[in-house]
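Report on one structure; see the data block that follows.
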Amino acid sequence: MSYSKLALRICLVALVLTGLSGCFSSERATVVTDDQVLSPARPNILLILADDAGWGDFGFQGAADLRTPNLDQLALDGTIFTQAYVSASVCSPSRAGLLTGRYQQRFGHECNLEPLQARAFDSNQISIAEALRDEGYHTAAFGKWHLGEMEHQHPLRNGFDHFYGFLAGGRTYFPDPKVDRAGDPHALLDDYAQTNFEGYLTDELGDKAARYVEQRATDSRPFFAYLAFNAPHTPMEATEEDLALFPNHDRPVYAAMVYAMDRAIGRVIQSLKANGVYENTLIFFLSDNGGAHSNDSSVGPLKGWKGNQFEGGLRVPFLASWPNRLPAGNQHFGMISSLDVYATAIHAAGGTPAPALDGSSLLTLLEKGDSQAPNHEALYWRKDEMSTIRYGDHKLIHLDEFGDVVYASRNNIIDEDTNLATSDKDLHDSLSLALQAWENTLKDPIWVEGERWNEVTRHIYERLMQNDTVLYKDPAQMRNSRK
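Going by my numbering, the letters in the sequence shown line up with residues 1 to 483, in that order.
Here it is as structure tokens:
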């Protein structure tokens, strides 16, 4: 497609968005009735989320130095999506988008969560757990929540029948009396009650999820389990036994943490198989954002990392498996979003019409049989001063009071070293118009991140946009660089 035709098409998208500025969403989920779902029995649904894992950090993504046999087998049993994006480059807003199927900016959950933020994770949103519970599913969440610490933000108040995990954005992997006490948001909860654990938290979460599968497998109601590991997020902690498996490794703690997470996932998969429900379980695996600069993760050939809207911060490993329905050993190369998980789950469950979503069913996409077909013509991002659009094979990143860069895809990788903003003004202007039109449909963020982080983030963007060396990546490094 010529640039002139592409620019015209992008402009038409911008006009449509402008006309829909008073609506919830520019895209709506595919709504499918029970008789359109091919499987005779509604599937169980398992959503597995890693925390700060890099795009290149699993065997099925090409990592040769890490051991992920269970995830690699799961990928062989299903479909790998090679151009999968999350809706935010940091933990909390990404989870808000994942669990609502909507751009989280639509309800003000735009920046990473501040403690005791009463308006986080808007209770007016219908979570994926609420929607599936309405369809007769039993629902459970395990692990990291990070969507608010107040009573109305608790998982049990947002569609989950059971919760075993912690409310905060992170915690230690071993028991710690400093946080393992009632009232601390880092403490482990069994529903509402503070509880203690022994051993290593990643194993604990896998064991609890596996036991839940065993308990629910014989029930007439299907189940939805959300297993949100805090691995491999900092602090970098692993068991001595796992560390011993990676002697002379370039990143031994990270390798051990990822291996432990894979082992925990394997226990859940084995429970599914042992209880005869694996074949009819729809499983998703992805990371909440790109790899962090602080945990030894790898984003492979991508530029950037967690916290910015370059590819390394937004593009994530993503696979889906459902042996009864989806082809095995499959790869899909078109652009998809974490926002699609919600719509896919409702589709698989034969759900009733959902509210306006920004995601679309991946089942519909895969049944087209075109491995290059995108599930979205365009995807959008915004966090405070930074905003981005990817439209087809082109991407624009904007930084307030600094400017824009425009990139193009080469061999399914966005080349973020070659800026086309000046050389193709029509392309730049049309992308900018479409991005502005989308932003006009949003509300202002309810809160923003602290000034120190904003200063660091601006520095990172300015340097990356100019292909310069980033001098510091967090407030501590910024302070040290100025001594």
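In this text, a Cβ means the ideal position worked out from N, Cα and C, and glycines have one as well.
For clarity, every value in this text was computed on a predicted model and none was experimentally measured.
- request: Give me whichever residues DSSP pairs with R390 in a beta bridge.
  value: In the DSSP output, where bridge partners are listed per residue, R390 has L379, K395.
query: Since L147 and S94 are thought to touch, with beta carbons under 8 Å apart, how far apart are those beta carbons, to the nearest angstrom?
result: With a Cβ gap of about 11 Å, L147 and S94 do not count as contacting.
- request: With a 10 Å radius around its C-beta and 16 neighbouring C-beta atoms as the bar for buried, classify K425 as buried or exposed.
  value: Counting Cβ neighbours within 10 Å, K425 comes out exposed, since fewer than 16 surround it.
field: N- and C-terminal bounds of the alpha helix (DSSP H) containing G206
entry: Counting along the chain, the alpha helix (DSSP H) containing G206 begins and ends at 201–216.
field: Sequence-distant residues of the same chain with beta carbon closer than 7 Å to R216, five excluded per side
entry: H138, F223, listed in sequence order.
Complete runs of the alpha helix (DSSP H) confined to the segment 426–483 [at least 4 residues]: Counting only runs that start and end inside the segment 426–483, the alpha helix (DSSP H) elements of at least 4 residues fall at 451–465, 475–481.
query: What does N330 pair with, by DSSP beta-bridge criteria?
result: N330 is bridged to T79.
field: With 16 other Cβ atoms within 10 Å as the buried cut-off, status of A328
entry: A328 counts as exposed, since fewer than 16 other beta carbons sit within 10 angstroms of its beta carbon.
Coil, strand or helix - K144 by DSSP: If DSSP states are grouped into helix, strand and coil, K144 belongs with the strands.
- request: Using the DSSP secondary-structure output, state which residues sit across from Q194 in a beta bridge.
  value: The partner list for Q194 (beta bridge, DSSP) reads L189.
field: Euclidean distance between Cα positions of A421 and E377
entry: Their Cα atoms are separated by approximately 20 Å.
- request: Closer than 6 Å by C-beta to I45: which residues in its own chain qualify, once you throw out the five before and the five after it? Chain order, please.
  value: These residues qualify, in order along the chain: F224, L282, A345.
query: In chain order, what residues of the same chain have a beta carbon less than 6 Å from the beta carbon of F81, not counting five sequence neighbours either side?
result: Excluding residues within five positions, the ones whose Cβ falls inside 6 Å are F318, H332, I336.
message: From the DSSP secondary-structure annotation, give me the bridge partner or partners of M335.
response: DSSP lists Q83 as partners of M335.
- prompt: DSSP three-state call for I269: helix, strand or coil?
  reply: Helix, per DSSP.
message: Comparing C-alpha positions only, which one of I128, D207, N419 sits nearest to H394?
response: When only C-alpha atoms are compared, the closest one is N419.
T234, DSSP secondary structure in three states: Reduced to three states, the DSSP call for T234 is coil.
field: CA-to-CA distance, R382 to R106, given in whole angstroms
entry: For R106 and R382, the distance between alpha carbons rounds to 11 Å.
message: For a test of the three-state rule: what should DSSP assign to T30, helix, strand or coil?
response: In this prediction, T30 scores a pLDDT of 36, lower than 50, which makes its location untrustworthy; no coordinate-derived value is stated.
- prompt: Whose CA, out of D417, Q436, F174, lies closest to the CA of D468?
  reply: Scanning D417, Q436, F174 for the CA closest to the CA of D468 turns up D417.
- prompt: Going by the beta-carbon positions, is the gap between S297 and D52 smaller than 8 Å?
  reply: It is a contact, given that the beta carbons lie within the stated cut-off.
field: Among G403, L464, F160, the one whose alpha carbon lies nearest that of D134
entry: Out of G403, L464, F160, F160 has the C-alpha closest to the C-alpha of D134.
Span of the alpha helix (DSSP H) around V90: That residue, V90, is in no alpha helix (DSSP H); it is neither H nor E in DSSP.
query: In chain order, what residues of the same chain have a beta carbon less than 6 Å from the beta carbon of H398, not counting five sequence neighbours either side?
result: Non-local beta-carbon contacts of H398 in its own chain, meaning distances under 6 Å to residues more than five positions away in sequence, involve S387, D404 in chain order.
field: Boundaries (first-last residue) of the beta strand (DSSP E) holding A320
entry: Taken as a continuous stretch (DSSP letters only), the beta strand (DSSP E) holding A320 covers 318–321.
- prompt: So, are the CB atoms of V299 and G307 less than 8 Å apart?
  reply: Taking C-beta atoms as the reference points, V299 and G307 fail to come closer than 8 Å.
task: Report all residues from its chain with a CB closer than 6 Å to the CB of P374; omit the five preceding and five following residues, and keep chain order.
output: In chain order, G334, M335 place their CB closer than 6 Å to the CB of P374, counting only its own chain and leaving out the 5 sequence neighbours on each side.
message: Assuming A231 and A255 are in contact, meaning their beta carbons sit under 8 Å apart, how far apart are those beta carbons, in whole angstroms?
response: Going by Cβ atoms, the distance from A231 to A255 rounds to 12 Å, so no, they are not a contact pair.
task: Return the chain-ordered list of same chain residues with a C-beta closer than 7 Å to the C-beta of W453, the five sequence neighbours on each side being excluded.
output: The residues are P475.
query: Are the CB atoms of D122 and S321 nearer to each other than 8 Å?
result: Not in contact: D122 and S321 (Cβ atoms no closer than 8 Å).
query: What do you get for Y192, buried or exposed, if any count of 16 or more other CB atoms within 10 angstroms of its CB means buried?
result: Classification of Y192: exposed, given that the 10 Å Cβ count is below 16.
task: Can you say whether E451 is buried or exposed, counting buried as having 16 or more other CB atoms within 10 angstroms of its CB?
output: By the 10 Å Cβ count, E451 comes out exposed.
- request: Return the Cβ separation of F285 and I48 in integer angstroms, given the expectation that the two are a contact with Cβ distance under 8 Å.
  value: In this structure F285 is in contact with I48, their Cβ atoms being roughly 5 Å apart against a cut-off of 8 Å.
Rounded distance between the beta-carbons of P247 and F279, thought under 8 Å: According to the sequence shown, residue 279 is Glu rather than Phe. Rounded, the Cβ-Cβ distance is 39 Å, inconsistent with contact.
- prompt: For L188, which option in F163, A210, E130 has the closest C-alpha, if you only look at C-alpha atoms?
  reply: Between L188 and the set F163, A210, E130, the nearest pair of CA atoms involves F163.
task: Find out if the Cβ-Cβ distance for the pair A140, Y212 is shorter than 8 Å.
output: Going by C-beta atoms, A140 is nearer than 8 Å to Y212.
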